[in-house]
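Those protein sequences? They're chains A and B, same order as listed.
The numbers in numbering that gives the first Met the number 0 rise by one with no breaks, and the one at position 34 of the first sequence is 33.
The numbers in numbering that gives the first Met the number 0 rise by one with no breaks, and the one at position 25 of the second sequence is 24.
Worksheet: the structure to be examined is printed underneath.
Protein chains: 2
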Amino acid sequence: MVRRGLELALSRLGHDVSTAPTGEDGLAAYRSSAPDLVVLDLMLPGVDGFEVCRQIRAAGGTPVIMLTARDDDFDVVGGLAAGADDYVVKPARPSVLDARIRAVLRRTAGTNEGVRAHGELRIDTSGLTVSLRGEQVPLTPTELRLLLTLTRAPGRVFGREQLLQEVWEHDYLGDSRLVDNCVQRLRAKIEANTTAPRYVQTVRGFGYRFGPL
Amino acid sequence: MVRRGLELALSRLGHDVSTAPTGEDGLAAYRSSAPDLVVLDLMLPGVDGFEVCRQIRAAGGTPVIMLTARDDDFDVVGGLAAGADDYVVKPARPSVLDARIRAVLRRTAGTNEGVRAHGELRIDTSGLTVSLRGEQVPLTPTELRLLLTLTRAPGRVFGREQLLQEVWEHDYLGDSRLVDNCVQRLRAKIEANTTAPRYVQTVRGFGYRFGPL
DNA sequence: ACGCCCTGCGACAGAACCGCGACAGAACCG
DNA sequence: CGGTTCTGTCGCGGTTCTGTCGCAGGGCGT
Numbered sequence: 000m001v002r003r004g005l006e007l008a009l010s011r012l013g014h015d016v017s018t019a020p021t022g023e024d025g026l027a028a029y030r031s032s033a034p035d036l037v038v039l040d041l042m043l044p045g046v047d048g049f050e051v052c053r054q055i056r057a058a059g060g061t062p063v064i065m066l067t068a069r070d071d072d073f074d075v076v077g078g079l080a081a082g083a084d085d086y087v088v089k090p091a092r093p094s095v096l097d098a099r100i101r102a103v104l105r106r107t108a109g110t111n112e113g114v115r116a117h118g119e120l121r122i123d124t125s126g127l128t129v130s131l132r133g134e135q136v137p138l139t140p141t142e143l144r145l146l147l148t149l150t151r152a153p154g155r156v157f158g159r160e161q162l163l164q165e166v167w168e169h170d171y172l173g174d175s176r177l178v179d180n181c182v183q184r185l186r187a188k189i190e191a192n193t194t195a196p197r198y199v200q201t202v203r204g205f206g207y208r209f210g211p212l
Numbered sequence: 000m001v002r003r004g005l006e007l008a009l010s011r012l013g014h015d016v017s018t019a020p021t022g023e024d025g026l027a028a029y030r031s032s033a034p035d036l037v038v039l040d041l042m043l044p045g046v047d048g049f050e051v052c053r054q055i056r057a058a059g060g061t062p063v064i065m066l067t068a069r070d071d072d073f074d075v076v077g078g079l080a081a082g083a084d085d086y087v088v089k090p091a092r093p094s095v096l097d098a099r100i101r102a103v104l105r106r107t108a109g110t111n112e113g114v115r116a117h118g119e120l121r122i123d124t125s126g127l128t129v130s131l132r133g134e135q136v137p138l139t140p141t142e143l144r145l146l147l148t149l150t151r152a153p154g155r156v157f158g159r160e161q162l163l164q165e166v167w168e169h170d171y172l173g174d175s176r177l178v179d180n181c182v183q184r185l186r187a188k189i190e191a192n193t194t195a196p197r198y199v200q201t202v203r204g205f206g207y208r209f210g211p212l
């Protein structure tokens, strides 16, 4: 059980770690916790590691470090093609992995503060502009905050209470229909047809979610 | 996916690298991170590589190295005409690219110091003078600090709190309308018509930003 | 099939935000 | 010490945004 050992070691180095035994569990944990970085072991039961990597990269800009026992070129090329940011060969010393993690986080810190691309939607988080198919979309401050919050964890369901807390920062006691209204206004600007929303989707009885995944 | 490979290789050679898949993303990333140098692949989806190069050069003095698969004269001439500082033919070995990067940085190190050009606005950061269409513009110290702060990261939105902290260095607890006022005074001096500002733009609900390029 | 609850959607008034001019104290300089 | 420039504060007005309401349509459970 290498996993528990790494979890413990990385925790001691100051990281906030959670692990999962299989690819499916990992994807589920990824979706629910929206981590800053994923360390992905290619030799995992169930789903192919490359596939997991692809799905994570498709969901957002989360950087991925691959952990592999094989160091032949095929894996390196394939891993980078699947969207990995770096790879580490097992057996990996915790200090080495830590160094790589910090390097990747440092490197992606800038870009992460810059552009989020989801399909035809591009969000510049430092310039605070949103463009759809290359055309700028003028959003109001609240709409933009809502979109930024939702896209921070694509695929994750945000309840109305949670959105009220994060987007409307004060502890709001009023009508939670306010969220619906703002979603509606946002959809009118970024969705092609609002009856089948592509980006901001309704999860009946719970809240809203960005993207399919 | 040559991009990831180059990114990784250049990182290991000591560079701080971020990449983007398309021309638009690249321009957005360029605006938000203000890099020392840009390596530009001509064969990119979306916007024409030459156009990207032109826009980068128009925005400032950032040096550009072009990466091209074609080495015929047309591209070389066209690339240099668009403002490239050097060009490298694919497939490029990382060591070669690294050498060219260091050469260009060494060459431009001296000239890059001191002047920022944005459209018709020129800012001499060592002489602390600002000129518009060749004509000198007298700015007050605060206005100048504000302009310097904003132009340090063109396209990026600065909140009022952040500007108060960086321009008015003391931790200011007073009216944040002060920022509006200073912006207004700065605009009166450098904007042709203040109703459609070209350089200092308002981002309603958040703050201000220098030019969207 | 029926009814309930949830969500979509348009309308509207109050609120927030920003541009802009005016003014007085502060700082600077001769 | 006096004059000039700069800076911070205030208030007003136009514009835009936001929060609330009401109604309608549709899914879901009974």
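We put the CB at the ideal spot given by N, CA and C, even for glycine.
Residue i classed as buried or exposed, judged by whether at least 16 other C-beta atoms fall within 10 angstroms
i      : result
T128/A : buried
M65/B  : buried
F157/B : buried
T200/A : It is Gln, not Thr, that sits at residue 200/A in the sequence shown. With 16 or more other Cβ atoms within 10 Å, it is buried.
T67/B  : buried
A187/B : exposed
R3/A   : exposed
R92/B  : exposed
T193/A : exposed
R99/B  : buried
A28/B  : buried
L149/B : buried
Closest by C-alpha distance to residue i, when choosing among the options
i      : options                        : result
C181/B : L138/B, M65/B, L120/B, D97/B   : L138/B
V88/A  : G25/A, E119/A, I55/A, V38/A    : V38/A
L163/B : S31/B, R184/B, V178/B, T193/B  : V178/B
A83/B  : N192/B, F49/B, R92/B           : F49/B
L5/B   : F209/B, W167/B, T124/B, D97/B  : D97/B
P196/B : F205/B, G210/B, R203/B, G204/B : G210/B
A33/B  : T124/B, D40/B, A102/B, R155/B  : R155/B
D24/B  : R92/A, P90/A, S125/A, Q54/A    : S125/A
L43/B  : Y171/B, Q54/B, P20/B           : P20/B
C-beta contact flag for residue i and residue j at 8 Å
i      : j      : result
V16/A  : S10/A  : yes
E160/A : S175/A : yes
L36/A  : T61/A  : yes
I189/A : V114/A : no
H117/B : Y207/B : no
L26/B  : V51/B  : yes
L131/B : L120/B : yes
E134/A : R184/A : no
R30/B  : P140/B : no
G22/B  : V46/B  : yes
L146/B : I122/B : yes
D40/A  : L7/B   : no
DSSP state of residue i mapped onto helix, strand, coil
i      : result
A28/A  : helix
G4/B   : helix
L120/A : strand
E134/A : strand
F205/A : coil
R184/A : helix
R92/A  : coil
G158/A : strand
D97/B  : helix
T61/A  : coil
R176/B : helix
D163/B : The question names Asp, yet the displayed sequence has Leu at residue 163/B. Helix, per DSSP.
L36/A  : coil
L66/A  : strand
T128/B : strand
V103/B : helix
R115/B : strand
Contacts of residue i in chain A (Cβ-Cβ under 7 Å)
i      : result
R30/B  : G126
R155/B : S125, G126
Where residue i meets chain A, residues with beta-carbon distance less than 8 Å
i      : result
V202/B : L127
V37/B  : Neighbours of V37/B on chain A: none; closest Cβ ~14 Å, over 8 Å.
D24/B  : V114, A116, R121
R208/B : G126, L127
Per-residue contacts from residue i into chain B (C-beta, under 7 Å)
i      : result
D123/A : A27, S31
D85/A  : L7
Contacts of residue i in chain B (Cβ-Cβ under 9 Å)
i      : result
P140/A : V202, R203, G204, F205
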